[in-house]
Amino acid sequence: MIVVDRAPLASPLNLRVSRPLFMHIIYLDESGTHDARHFVLAGLAVFERDTYFLAQQLDQLQRQYFPGHSRPINLHASELGASDETAKPPYDELPAKRRLELLRDVYPIIAQSRSRLFGIVIEKSTVPSNPYERAFEQVVSRFDQMLGRFFSQGDQQRGLIVVAESSYKENLELLARQIAEQGHSWGETHNLADIPYFASAGSTRLLQLADFVSNAIYRRYERGDARAFDVIMPRFDQEGGRIHGLVHLTANRSNCYCPACLSRRTQN
Ligand SMILES: [Zn+2]
Numbered sequence: 028m029i030v031v032d033r034a035p036l037a038s039p040l041n042l043r044v045s046r047p048l049f050m051h052i053i054y055l056d057e058s059g060t061h062d063a064r065h066f067v068l069a070g071l072a073v074f075e076r077d078t079y080f081l082a083q084q085l086d087q088l089q090r091q092y093f094p095g096h097s098r099p100i101n102l103h104a105s106e107l108g109a110s111d112e113t114a115k116p117p118y119d120e121l122p123a124k125r126r127l128e129l130l131r132d133v134y135p136i137i138a139q140s141r142s143r144l145f146g147i148v149i150e151k152s153t154v155p156s157n158p159y160e161r162a163f164e165q166v167v168s169r170f171d172q173m174l175g176r177f178f179s180q181g182d183q184q185r186g187l188i189v190v191a192e193s194s195y196k197e198n199l200e201l202l203a204r205q206i207a208e209q210g211h212s213w214g215e216t217h218n219l220a221d222i223p224y225f226a227s228a229g230s231t232r233l234l235q236l237a238d239f240v241s242n243a244i245y246r247r248y249e250r251g252d253a254r255a256f257d258v259i260m261p262r263f264d265q266e267g268g269r270i271h272g273l274v275h276l277t278a279n280r281s282n283c284y285c286p287a288c289l290s291r292r293t294q295n
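Those letters in the sequence shown? Residues 28 to 295, by the working numbering.
Below you can see the structure in the form of structure tokens.
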């Protein structure tokens, strides 16, 4: 396992070029894996030097809300939104109102960062196969395209993918290796430095932030609760008014007025 929010990763390509290459790291987590209409794979792409500062801000929030805990608590959006009856330790040390305040305090950190967000929302009934694989290919493709745009603007950066461990891990490891070596369904990848890594959310604050992004998108599409989504919406990867970072795969895209569908219709 790599600890990515404590020290910048060394670029494996540094040896091949005269000028050092820098790394963009995308952290991904999922929502809606069980009994839900939507599946979401989402997260944030962060310049390697910014990971430390984002992690520090979550550390500060923990000190503010859990002053008695010196060891890192794995901050998890759905746990913070749980009722008093279902809240688990250590979250049950806070009343529900304080837990929701902590949940709300995380989103401005994301909104005020320099990260770029990516989210793939899949209406499960529209895909015959595993939605995770479809979403994973989409997000890898879009992350690669973002790095390609940076490259065309003279800013050569490589990308690294870090995925929260999940029940899909075994299937995804094979898919991840295929994507790294051969590309994805829509073509080759050009800007990735290595195969994706899998890590537990407890090991890095950045995967915890990916969980908050994924949860905000899930609540927007599954439950119509856009409060957190609206705070982070401006940070989805976009260029010239077109939103590249948010994708909504639905049978009814022509009648959907979410930002992703609207952006595609108005730009076509
Ligand atoms: Zn839509």
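Backbone N, C-alpha and C fix where the C-beta goes; we use that ideal spot for every residue, glycine too.
Pick from the options: whose alpha carbon is nearest that of residue i?
i    : options                   : result
I206 : R131, V154, R291 and A162 : A162
E112 : L102, H103, A104 and A123 : A123
L68  : Q294, S241 and R254       : S241
G95  : L121, V73, A114 and L71   : L121
T277 : E150, H103, S110 and L102 : E150
L233 : R280, N282, T60 and L71   : L71
S110 : L127, L102, I100 and S97  : L127
R254 : N101, R291, P135 and V167 : P135
S290 : N279, D171 and G268       : G268
Y284 : G251, P158 and D264       : G251
L107 : Y92, G59 and Y159         : Y92
Let me check you understand the geometry: is the CB of residue i closer than 6 Å to at least one non-hydrogen atom of ligand 1?
i    : result
H103 : no
A287 : yes
H275 : yes
Below 8 Å on the Cβ atoms is my guess for residue i versus residue j; work out the distance and round it to an integer in Å.
i    : j    : result
Q184 : F49  : 5 Å
Q165 : I147 : 5 Å
F256 : R247 : 4 Å
I270 : A243 : Not quite, the Cβ-Cβ distance comes to about 15 Å (not below 8 Å), so this is no contact.
E192 : S227 : 5 Å
Across which residues does DSSP place residue i in a beta bridge pair?
i    : result
E75  : Bridge partners of E75: none, in fact.
R185 : M50
S58  : V67
A82  : Per DSSP, none; premise fails for A82.
S269 : The question names Ser, but residue 269 in the sequence shown is Arg. E266.
F225 : V190
H275 : V148
L219 : G186
With respect to the alpha helix (DSSP H) encompassing residue i, which residues constitute its N-terminal and C-terminal limits?
i    : result
G175 : P158 to S179
L129 : A123 to A138
Y248 : R232 to R250
D257 : R254 to I259
A114 : It is not in any alpha helix (DSSP H) - A114 carries neither H nor E in the DSSP assignment.
P286 : P286 to Q294
Which residues bound the beta strand (DSSP E) around residue i?
i    : result
I100 : I100 -> no beta strand (DSSP E), and no H or E assigned at all.
E200 : Counting along the chain, E200 falls outside any beta strand (DSSP E), though it belongs to the alpha helix (DSSP H) covering K196 to Q209.
R143 : R143 to E150
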